[in-house]
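Residues -19 to 219, numbered by this note's numbering, are exactly what the sequence shown covers, in order. We treat Cβ as the ideally placed atom computed from N, Cα and C, and that holds for glycine.
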Amino acid sequence: MRGLKILILHGWGSNSERWQRVKELLGEKGIEVLVLDLPGFGIIPSPPKPWGREDYIDWIFQKVKEKNWEKFNLLGHSFGGGLAVKMATNFSEKIDRLILCAPAIIKRKSIKTYLFYWLAFLGRRIFSLPGLKTFYPQAQKLVYKLAGARDYYVADGIMKETMKKIGKEEDLEMVLERIKTPTLILWGKKDDVLPLKDAYRIKEKIKRSQLRVLPGARHSPHREAPEELSKILVSFLQS
-19 MRGLKILILH
-9 GWGSNSERWQ
1 RVKELLGEKG
11 IEVLVLDLPG
21 FGIIPSPPKP
31 WGREDYIDWI
41 FQKVKEKNWE
51 KFNLLGHSFG
61 GGLAVKMATN
71 FSEKIDRLIL
81 CAPAIIKRKS
91 IKTYLFYWLA
101 FLGRRIFSLP
111 GLKTFYPQAQ
121 KLVYKLAGAR
131 DYYVADGIMK
141 ETMKKIGKEE
151 DLEMVLERIK
161 TPTLILWGKK
171 DDVLPLKDAY
181 RIKEKIKRSQ
191 LRVLPGARHS
201 PHREAPEELS
211 KILVSFLQS
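Written out as structure tokens, the structure reads:
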């Protein structure tokens, strides 16, 4: 197992600390682990302007270069899973194996989505009208709660704009078939953020992929079942 390297990209609103137990367990097996705090999360301040996926990926590769890693395994969780997909399609020569842990890839049109975009793009203008301004904070909190968009509600100004910018970028489901890297898809059976059916949809698109469902986990297997997750990762990386 010596010589194996894995880069882990956390999800939106998360940070490297939440992957600490998995990092320790993989380290015990001789795997070198790099978990980055992405700009706008953890100890890293928000970027100077709204970023898109390409900006994040440029920053990530800069950090990888500082480690002198020529090739590595890549794990992306949720938002980080979207970045990992983009990296695997554009820089496949750098990636040995790909792990997608409940990646935020599938776009869907739902009432929650419409609620989110209504407030994100139009709400401030509407509630700036005379007589409505005082109701904006309460309306904002309520609509984001209904839309399941707490991450957006608590983000600062730059990160709100970053989320909107990324939301308007290409549909990553359309590039999944271009992934040729051996891929492991991980999903918590009880995920209440992204539905398990997304896992099967993604597996159909990525030809060299396998799916493992963690029975006791929700959206964050690295926190809810770190030992089980780590065993699965070790098995996949050494196969």
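Would you mind working out which of the options sits nearest residue i, comparing C-alpha positions?
{"i": "glycine 20", "options": "Asp151, Glu12, Lys29", "result": "Lys29"}
{"i": "isoleucine 37", "options": "Asn70, Pro195, Gly147, Gln218", "result": "Asn70"}
{"i": "leucine 156", "options": "Val193, Lys144, Val65", "result": "Val65"}
{"i": "glycine 147", "options": "Trp49, Gly62, Leu(-16), Leu55", "result": "Gly62"}
{"i": "aspartate 76", "options": "Glu204, Glu207, Arg188", "result": "Arg188"}
{"i": "serine 230", "options": "Lys211, Asp178, Val44", "result": "The chain is shown only over -19 to 219; residue 230 falls outside these bounds and no answer can be derived."}
{"i": "leucine 191", "options": "Leu164, Lys140, Arg203", "result": "Leu164"}
{"i": "valine 2", "options": "Leu55, Glu141, Thr161", "result": "Leu55"}
{"i": "glycine 22", "options": "Ile182, Met67, Gly(-7)", "result": "Gly(-7)"}
{"i": "lysine 226", "options": "Gly10, Cys81, Asp17, Asp172", "result": "With the chain covering only -19 through 219, there is no way to say anything about residue 226."}
{"i": "glycine 168", "options": "Ile86, Pro27, Glu208", "result": "Glu208"}
{"i": "glutamate 184", "options": "Arg158, Asp172, Ser200, Pro201", "result": "Arg158"}
{"i": "lysine 47", "options": "Leu78, Glu12, Glu149, Ser72", "result": "Glu12"}
Considering only residues of the same chain and omitting the five flanking positions on each side of residue i, which have a CB-CB separation below 6 Å?
{"i": "lysine 170", "result": "Arg198"}
{"i": "phenylalanine 216", "result": "Leu164"}
{"i": "cysteine 81", "result": "His57, Leu166"}
Residue i: buried (16+ other C-beta within 10 angstroms of its C-beta) or exposed?
{"i": "proline 195", "result": "exposed"}
{"i": "glycine 60", "result": "buried"}
{"i": "arginine 33", "result": "buried"}
{"i": "proline 206", "result": "buried"}
{"i": "serine 219", "result": "exposed"}
{"i": "methionine 143", "result": "buried"}
{"i": "methionine 139", "result": "buried"}
{"i": "alanine 129", "result": "For alanine 129, the predicted model reports a pLDDT of 46, less than 50, meaning its position is unreliable and no value from the coordinates is stated."}
From the DSSP secondary-structure annotation, give me the bridge partner or partners of residue i.
{"i": "asparagine 53", "result": "Ile(-14)"}
{"i": "arginine 192", "result": "Leu166"}
{"i": "glutamate 8", "result": "Per DSSP, none; premise fails for glutamate 8."}
{"i": "isoleucine 227", "result": "Nothing can be reported for residue 227: it is not among the residues displayed for the chain, which extend from -19 to 219."}
Since residue i and residue j should fall inside the 8 Å C-beta cutoff, what is the C-beta to C-beta distance between them, to a whole number of angstroms?
{"i": "valine 15", "j": "tryptophan 31", "result": "19 Å between Cβ atoms; not a contact."}
{"i": "leucine 213", "j": "leucine -11", "result": "That belief does not hold up - the Cβ atoms of leucine 213 and leucine -11 are roughly 14 Å apart, past 8 Å."}
{"i": "lysine -15", "j": "phenylalanine 52", "result": "4 Å"}
{"i": "glutamate 153", "j": "lysine 87", "result": "7 Å"}
{"i": "aspartate 35", "j": "proline 27", "result": "7 Å"}
To which residues of the same chain is residue i closer than 7 Å at the C-beta, ignoring the five residues directly before and after it?
{"i": "tryptophan 39", "result": "Pro19"}
{"i": "tyrosine 97", "result": "Residue placement at tyrosine 97 is flagged as unreliable, the pLDDT there being 49, under the threshold of 50; the coordinate-derived value follows with that caveat. Same-chain partners within the cutoff: there are none."}
{"i": "arginine 203", "result": "Arg(-2)"}
{"i": "tryptophan 49", "result": "Lys(-15)"}
{"i": "alanine 84", "result": "Ser58, Phe59, Gly61, Gly62, Leu174"}
{"i": "tyrosine 94", "result": "Confidence at tyrosine 94 is low in this model, with a pLDDT of 45, below 50, so its placement is unreliable and the value that follows should be read with caution. Taken in chain order, the list of residues that qualify is empty."}
Taking 7 Å as the cut-off, does the CB of residue i come closer than this to any heavy atom belonging to the ligand NAD?
{"i": "proline 28", "result": "This structure does not include the ligand NAD; it has no bound ligands of any sort."}
Please work out which residues of its chain come closer than 8 Å, Cβ to Cβ, to residue i, disregarding the five sequence neighbours upstream and downstream, and give them in chain order.
{"i": "tyrosine 180", "result": "Leu191"}
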